[in-house]
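Taking the UniProt record's numbering, the leading residue of the sequence shown gets 1, the next gets one more, and so forth. What follows is a set of notes on a single structure, which appears directly below.
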Amino acid sequence: MFIYLDAMSWLSTISVLFLLGAANARFTFVQTPAPAPRAHQQVTPFPRAEFSIPFNSKAPRRKSKTAAFAAVRRLLSPTGDDNGTNVVALDVDRFEVDYLANITVGGQDFTVIVDTGSVDTWVIQQGFNCKDPNGTLVPQSTCAFGTAGYDTNASKTFQPFPDVNANMIFGNGAVLNGPVGFDTVAVGGLEVANQEIAVPNVATFNGHGIVSGLLGLAFPSLIIAVFNVSDGQKLPYDPFFFSAVKQEKLKDPIFSVSIDRVTVDQLANDNVTQNIGYLSFGGLPPVPILNTSVTLPIQGYSIVNSTAIPSNGPDAQFLFYTVDIQSYTFPGSTTVLTASNNTVLDTGTTFNILPEDVAAVFAAGFDPPATLITSPLNGRPIYVVDCNATAPEFLVTLGNTTFSIDPRDQVVPSAQFDNGTTVCTSGTQPITSLGDAFNMQFILGDVFLHNVVSTFNPISKEVTLTQRAKY
1 MFIYLDAMSW
11 LSTISVLFLL
21 GAANARFTFV
31 QTPAPAPRAH
41 QQVTPFPRAE
51 FSIPFNSKAP
61 RRKSKTAAFA
71 AVRRLLSPTG
81 DDNGTNVVAL
91 DVDRFEVDYL
101 ANITVGGQDF
111 TVIVDTGSVD
121 TWVIQQGFNC
131 KDPNGTLVPQ
141 STCAFGTAGY
151 DTNASKTFQP
161 FPDVNANMIF
171 GNGAVLNGPV
181 GFDTVAVGGL
191 EVANQEIAVP
201 NVATFNGHGI
211 VSGLLGLAFP
221 SLIIAVFNVS
231 DGQKLPYDPF
241 FFSAVKQEKL
251 KDPIFSVSID
261 RVTVDQLAND
271 NVTQNIGYLS
281 FGGLPPVPIL
291 NTSVTLPIQG
301 YSIVNSTAIP
311 SNGPDAQFLF
321 YTVDIQSYTF
331 PGSTTVLTAS
341 NNTVLDTGTT
351 FNILPEDVAA
361 VFAAGFDPPA
371 TLITSPLNGR
381 PIYVVDCNAT
391 APEFLVTLGN
401 TTFSIDPRDQ
411 VVPSAQFDNG
421 TTVCTSGTQP
431 ITSLGDAFNM
441 QFILGDVFLH
451 NVVSTFNPIS
461 KEVTLTQRAK
471 Y
C-alpha cells in the first residue's frame, strides 16, 4: 500500500456496499450488543517478510475541498461571507489518507491504491474516455490519472478475457467500466502470472496526477464487479494475494500492513512523501514491534434474506477483515457498553467509526472537549477538536490483549485554510458520521492501525495484531 491523501481513502468499504447495492445484493448488517464468543490464539512468531514495498503519501488540494471550505465559512460566519474565522463543519469522509504502492502490470509501472477493504485489481487503460458525474465526455486530463494508462498492446503477457466486463461504482462517485484480461502483476518483488485484472476504458475519477488503479486485498467473496456481458452473470476469480498463494509464491500465506501517521506538514505538502509504512508479503515488515500480540479469528457472516448476521458457522461467508472487540477503555468508558462484534479493520478508512454513545463519551475527554457539529454539507454529526487539544487515553482490547492508540492519532488534521488555520477532528467518530451506507458496520481505521502491525491470513481466516514500538 502506498499512501495518498484524499477522500479516496474511504472508498474501500463504502465502495463494496455500493457495489452490493448495484448488484441487487446489498446486505443489511446486524450489530449485536456483545461479541459472539470466538477463540483467540497466542501468536507464533512470524518471519521477516519475503517481499516488502514502502507506502508513500500525497496531499492533493482538490477543487471540491476548496468549495466545501468556502461553503462552511459562509454557513458558519455571522456575516454570511467567506472571511469568517469560526470555520469548521467538515465531513469525516472528505479529508482522509489513502495508502498507495508502486506496482507493475505487464512490465508497465503504476501507482495504485492498496486497500484491505476492496478486492478487485484494476488499472486504467490507455486511450480511456473520461466522463463527468453526469456522464458527459470530458478531456482525459479531467480524470487526472498518474499515467497515460495501461497499454495492452505493449504487454507481451496480456491476454484478453472475451465477452467479460467489469463495472465498478464507488461510494465517492467514481465509476469505472471496461474489459477484463490476464497479465503478470508484480508488487514489491512478488510476481503473479496470469492475474485477472480489470482494464477499464471509461472512467469518472480523479487520480490527482498520481493514482492509476487499485490493488484489493479483501476476500474473494466481495468480488462482484466482473460479469459475463451476454447474461450479466457474476464471475468469481482469485484476487492477487490468493493467486500468489495458489502459485506457491509464498512460504507463509500471510501479508502484513504497517502504516505511519502523517503530519500536518506532510498533509500540506504537494509532493509525494516516501516510505510511510510497508505492505509486506510472507511475514512482518521492517518496523520495530513490541511483545504485545494476539491472533484472532476473522468474523464471518450468515446471509439470510439479504441480511448479514455475524456468524461462526460452517456456512459463514467472509467479506471484510472483521473482528470482535472485547472493550474500549478511556475516561468514562465504564458508563457505556463498548464491547462489539462486526468491527472491520480497514486501511481504507482514516477514522475509528464506533457507536454514537462511545464516540460521545470519548469526545468529552479531550482537553478542551471536542465539539459535535452538524455538517451543513450533508447533515451528519462530526466531532471537531482544537488542534492543540490533549486527547484522552484510548485502549482497545481484543482476545484478552490490550493495545494502545497514540494520542497524536486522535487529533486528526483535516483541512487547512488559506490563512493557515488548520481544522482538526476527533480520530474517533460516531457511526452516524458516515450516513446509512455502513448499516451498523463499525470500523477500526488508520487511527488504530497506525499503532499496530496487522498480519492477515485470509486462507486460515485469521488476523494477528502486534503493537508497534512508539515512533
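Think of the CB as a built atom: it goes at the ideal place given N, C-alpha and C, for glycine as much as any other residue. These numbers come from a predicted model, not from an experiment.
In chain order, what residues of the same chain lie with their CB nearer than 6 Å to the CB of F394, ignoring the 5 residues before and after it?
Hits under 6 Å: F330, I405.
By Cβ distance below 6 Å, which residues in the same chain neighbour A166 in space, the five residues on each side in sequence not counted?
Excluding positions up to five away in sequence, the list reads V180, A198, A225, V226.
So what does DSSP say about D163, is it helix, strand or coil?
If DSSP states are grouped into helix, strand and coil, D163 belongs with the strands.
Using the C-alpha atoms, what's the distance from G420 back to P78?
Residue confidence for P78 is low, a pLDDT of 36 falling below 50, so the modelled location carries little weight; the figure read from the coordinates is stated next. Approximately 21 Å between the Cα atoms of the pair.
Roughly how many angstroms separate the alpha carbons of T371 and T152, rounded to a whole number?
When rounded, the distance between both Cα atoms is 52 Å.
Between which residues of its own chain and D176 is the CB-CB distance below 6 Å, once the five residues before and five after are set aside?
Sequence inspection shows Leu at residue 176; the Asp mentioned does not correspond to that position. Cβ neighbours of L176 beyond the five flanking positions: M168, P200, A203.
Hey, how far is the Cα of G107 from the Cα of S230?
Approximately 31 Å, taken between the alpha carbons.
Among the candidates L296, A148, S256, whose CA atom is the shortest distance from the CA of G207?
When only C-alpha atoms are compared, the closest one is A148.
State the DSSP-derived secondary structure class of D446, mapped to helix, strand or coil.
In the structure shown, D446 sits in a helix (DSSP, three-state: H, G or I).
Enumerate in chain order the residues of its own chain whose CB-to-CB distance from G209 is below 7 Å, with the five nearest sequence positions on each side excluded.
Answer for G209: A144, G146, listed in chain order.
Between which two residues does the alpha helix (DSSP H) carrying K246 extend?
It spans 240-246 - the alpha helix (DSSP H) in which K246 sits, taken as one unbroken run.
Exposed or buried, V304, counting other C-beta atoms within 10 Å across all chains shown (16 or more means buried)?
Classification for V304: exposed.
Using the beta-carbon count (16 or more within 10 Å), is L137 buried or exposed?
Exposed.
Out of H450, L319, P285, state which residue places its alpha-carbon closest to the alpha-carbon of R48.
Cα-wise, what sits closest to R48 is P285.
Would you report the Cα separation of F281 and F255, rounded to the nearest angstrom?
Looking at the two C-alpha atoms, the distance is approximately 4 Å.
Ignoring anything shorter than 3 residues or poking outside the stretch 119-178, list the beta strand (DSSP E) runs there in chain order.
129-131, 159-169, all fully within the stretch 119-178.
Quick check on V50: does DSSP put it in helix, strand or coil?
What sits at residue 50 in the sequence shown is Glu, not Val. Looking at E50 - three-state DSSP - the assignment turns out to be coil, as it is neither helix nor strand.
Taking only runs of the alpha helix (DSSP H) that begin and end inside the stretch 328-378, which ones reach a length of at least 4 residues, in chain order?
356-364, all fully within the stretch 328-378.
If V112 and V119 are in contact, beta carbons under 8 Å, what's the gap, nearest whole angstrom?
About 13 Å separates the two Cβ atoms, so there is no contact after all.
Could you tell me if I459 is buried or exposed, where buried requires 16 or more neighbouring beta carbons within 10 angstroms of its beta carbon?
The residue is exposed, with fewer than 16 neighbouring Cβ atoms inside 10 Å.
Hey, Y278 and F55: beta-carbon distance below 8 Å or not?
Yes, the pair counts as a contact, with Cβ atoms nearer than the cut-off.
Mark L337 as exposed unless 16 or more other C-beta atoms lie within 10 angstroms of its C-beta, in which case mark it buried.
Exposed is the call here.
Can you grab the Cα-Cα spacing for the pair F241 / D367, in whole Å?
Near 44 Å, if we compare the C-alpha coordinates of D367 and F241.
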